[in-house]
Amino acid sequence: MSRLAQRFAQLKAQNKKALVTYVMAGDPNPHVTVPLIHDMVAAGVDILEIGMPFSDPMADGPVIALAAERALAGGTNTLDAIAMVKQFREKDQQTPVVLMGYLNPVEVIGYDKFVQIAADAGVDGVILVDLPPEEAIKFDDVLKQYNMDQVFLLAPTSTDERIAHVIKQASGFIYYVSLKGVTGAATLDTQSAAERIAKIKAQTDLPVGVGFGISDAASAKAMGAVADAVIVGSAFVKPFATENATDAAVKAVAKVKELRTALDEL
421 MSRLAQRFAQ LKAQNKKALV TYVMAGDPNP HVTVPLIHDM VAAGVDILEI
471 GMPFSDPMAD GPVIALAAER ALAGGTNTLD AIAMVKQFRE KDQQTPVVLM
521 GYLNPVEVIG YDKFVQIAAD AGVDGVILVD LPPEEAIKFD DVLKQYNMDQ
571 VFLLAPTSTD ERIAHVIKQA SGFIYYVSLK GVTGAATLDT QSAAERIAKI
621 KAQTDLPVGV GFGISDAASA KAMGAVADAV IVGSAFVKPF ATENATDAAV
671 KAVAKVKELR TALDEL
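Start counting the sequence shown at 421; every next residue gets the next number (the working numbering).
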């Protein structure tokens, strides 16, 4: 059983919802990330999503896009992001880690080499935003050799056919994008998202996490009530744009505690 499966099983047994947090590797510099994610786990994070910086992050709003620019300017690349996971694993062998990014750098490295390095570092799953399931079979075959999960996204616009296709091919969990737009968008239609999540959950035993547009206790609690996990990114990344790294990290950890408290009230 993978670390992701184990964590979701543990949380289900405890009647708890997973808090999944996104951090851009190397933002604002390579020395910040590993201590930050250790502190976030200590504050209540269940699953870590580590962003691999890319120059054309098409699914991301300005907050995370600028974080990628800062990380790249600071010298962090895809392999550096994976190396940060390996460093994290020196002290934490339990917390699941999922890499999130885009296909281009993975293709440059090569599927086999990328997955081998990621598996050796202790990565549990991969989300490639711009790799649709129809084109992901070869990549999925390589991931399966290393017992790693491929997480796919579903959106409010996903057809019944698309939902069925993704459910058939996905592993780890389903990532439901709660709104039409990019990461960090402000408008969250909780009722519509709840209806769509219920529809997805009726067709699969895989956990369903919901992300995009969740930024505070109220939105986390609303989505946690209908999903197995809430996924939050921009709210953690945003402070690094305007504050020094130490103060931004303190705010990120405080945000984790806020969200953890809200989810534990369900």
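No residue lacks a Cβ here, since even glycine has one placed at the ideal position from N, Cα and C.
From a predicted model like this one, the values you see are computed outputs, not experimental measurements.
Residue i: first and last residue of the uninterrupted beta strand (DSSP E) it sits in
i: Leu548; result: Gly545 to Leu548
i: Tyr522; result: Where Tyr522 is concerned, there is no enclosing beta strand (DSSP E), given that its DSSP letter is neither H nor E.
Counterpart residues of residue i in DSSP-defined beta bridges
i: Ile467; result: Val440
i: Ala649; result: Ala438 and Gly629
i: Asp569; result: Gly545
i: Val517; result: Leu468
i: Leu574; result: Tyr596
Burial state of residue i (16 or more Cβ within 10 Å)
i: Thr407; result: Since the first and last residues shown for the chain are 421 and 686, residue 407 lies out of range.
i: Met478; result: exposed
i: Glu469; result: buried
i: Ala429; result: exposed
i: Asp476; result: exposed
i: Ala638; result: exposed
i: Val483; result: buried
i: Leu375; result: Since the first residue of the chain shown is 421 and the last is 686, residue 375 is not available in this structure.
i: Ala618; result: exposed
i: Thr498; result: buried
i: Met421; result: exposed
i: Leu686; result: exposed
i: Val670; result: exposed
Beta carbon of residue i nearer than 7 Å to that of residue j
i: Ile467; j: Val440; result: yes
i: Gly542; j: Val571; result: no
i: Val673; j: Asp459; result: yes
i: Ala491; j: Asp447; result: yes
i: Gly592; j: Gly653; result: no
i: Ala640; j: Leu679; result: yes
i: Phe474; j: Ala488; result: yes
i: Ile502; j: Ile457; result: no
i: Leu424; j: Asp569; result: yes
i: Leu683; j: Lys533; result: no
i: Ile587; j: Gln623; result: yes
i: Arg427; j: Pro552; result: no
i: Met520; j: Ile557; result: no
i: Asp642; j: Thr610; result: In the sequence as presented, Asp is not what sits at residue 642; that position holds Ala. Contact flag set, yes.
Cα-Cα separation between residue i and residue j, rounded to whole angstroms
i: Ala433; j: Ala493; result: 43 Å
i: Ala645; j: Ser598; result: 14 Å
i: Tyr531; j: Ile583; result: 25 Å
i: Glu527; j: Val518; result: 18 Å
i: Gln565; j: Thr662; result: 42 Å
i: Ala462; j: Gln589; result: 33 Å
i: Phe508; j: Val454; result: 6 Å
i: Tyr522; j: Val535; result: 14 Å
i: Ala665; j: Ala655; result: 15 Å
i: Asp636; j: Lys675; result: 8 Å
i: Ala605; j: Gly631; result: Residue placement at Ala605 is poorly supported in this model, since its pLDDT is 48, which falls under 50; the coordinates still yield a value, given next. If I take the Cα positions, the gap works out to 11 Å.
i: Leu626; j: Asn567; result: 16 Å
i: Pro525; j: Val650; result: 27 Å
i: Lys677; j: Ile529; result: 37 Å
i: Asn449; j: Glu581; result: 42 Å
i: Val396; j: Thr496; result: Here the chain has residues from 421 to 686 only, and residue 396 is not among them.
i: Glu510; j: Met472; result: 20 Å
i: Val452; j: Asp540; result: 22 Å
i: Ala480; j: Gly633; result: Just to set this straight, residue 480 is Asp in the shown sequence, not Ala. If I take the Cα positions, the gap works out to 12 Å.
i: Arg693; j: His585; result: For the chain, the structure presents residues 421 to 686; residue 693 sits outside this window and is missing.
i: Asp561; j: Glu555; result: 12 Å
i: Tyr596; j: Ala668; result: 28 Å
Contact test: residue i Cβ vs the ligand FAD heavy atom, cutoff 6 Å
i: Ala647; result: Among the components modelled here there is no ligand, and therefore nothing to report on the ligand FAD.
Run of the alpha helix (DSSP H) containing residue i, from where it starts to where it stops
i: Tyr531; result: Tyr531 to Ala541
i: Ile594; result: First-last for Ile594: Ile594 to Val597, but that is the beta strand (DSSP E), not the alpha helix (DSSP H).
i: Lys511; result: Unbroken run through Lys511: none, as it is neither H nor E.
i: Gln611; result: Thr610 to Lys621
i: Phe474; result: It is not in any alpha helix (DSSP H) - Phe474 carries neither H nor E in the DSSP assignment.
i: Thr666; result: Ala665 to Asp684
i: Met421; result: First-last for Met421: undefined, no H or E at that position.
i: Phe656; result: Ser654 to Val657
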